[in-house]
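Report on the structure given below.
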Amino acid sequence: MVSPQLFAPETYYVATKAFLRKDGQVLILLEQAGGRWDLPGGRLGVGEFDVPLNTVLEREIREELGSEIRYRNNGPVALFRHRRPEVTTGEPEVRVLMIGFELEFLAGEIILSNEHSDHRWVAPEEAALLLPGGQRDGMEKYLNFLRSEQRKLIY
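If you want it as structure tokens, here you go:
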């Protein structure tokens, strides 16, 4: 007999994340709370269940990087899961399913929100070493996407 606990639902958030590329490098952001490196993007907000994912990502990019940035969205390239402490009292762990989109930086000045204190353009291989947990896995999947001839979604 299978334990019912094996099928107990877990709560996952859903987030859109950006592999924002410029001159062969990707953008990573330093979180204000916790001091961890992060990919641009974030969770679907309240009321965004029916909103297209690329629209959610546009909102997140505008919020985190400012309204002046211009980019081309090449679509989703990787699916990955990430565990992180929530930025609340007690820092409970949350689970997030992330959809990584490849964005090509075109122009504009990056103006960070108060969520992040710094940013860097780094080689994707270096980003994979700096990013925490599931985001590291996401960057490694993105690297596999870049090496692939088929250029299919990596999950």
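Here the sequence shown stands for residues 6 to 160, numbered as in my numbering. Glycine is no exception: its CB is placed at the ideal position from the N, C-alpha and C atoms. Values in this document were obtained by computation on a predicted structure and should not be read as measured data.
Residue i and residue j closer than 8 Å at C-beta
i: Ala20; j: Pro45; result: no
i: Leu148; j: Glu130; result: yes
i: Leu108; j: Trp42; result: no
i: Arg89; j: Val99; result: yes
i: Val127; j: Ile33; result: yes
i: Tyr76; j: Leu117; result: no
Those residues which DSSP pairs with residue i across a bridge
i: Tyr160; result: For Tyr160, which the question treats as bridged, DSSP gives no partner whatsoever.
i: Phe150; result: The partner list for Phe150 (beta bridge, DSSP) is empty, contrary to what the question assumes.
i: Met103; result: Ala20 and Phe85
Run of the beta strand (DSSP E) containing residue i, from where it starts to where it stops
i: Ala128; result: Segment: none, Ala128 is in no beta strand (DSSP E) and carries neither H nor E.
Alpha-carbon spacing of residue i relative to residue j, whole angstroms
i: Ala38; j: Val51; result: 22 Å
i: Tyr17; j: Leu58; result: 16 Å
i: Phe150; j: Leu158; result: 7 Å
i: Asn119; j: Gly47; result: 14 Å
i: Glu145; j: Tyr160; result: 11 Å
(message) In chain order, what are the residue ranges of uninterrupted beta strand (DSSP E) at least 3 long that sit wholly in the region 28-91?
(response) Contiguous beta strand (DSSP E) elements confined to the region 28-91 occur at 30-36, 46-48 and 75-90, taking only those with 3 or more residues.
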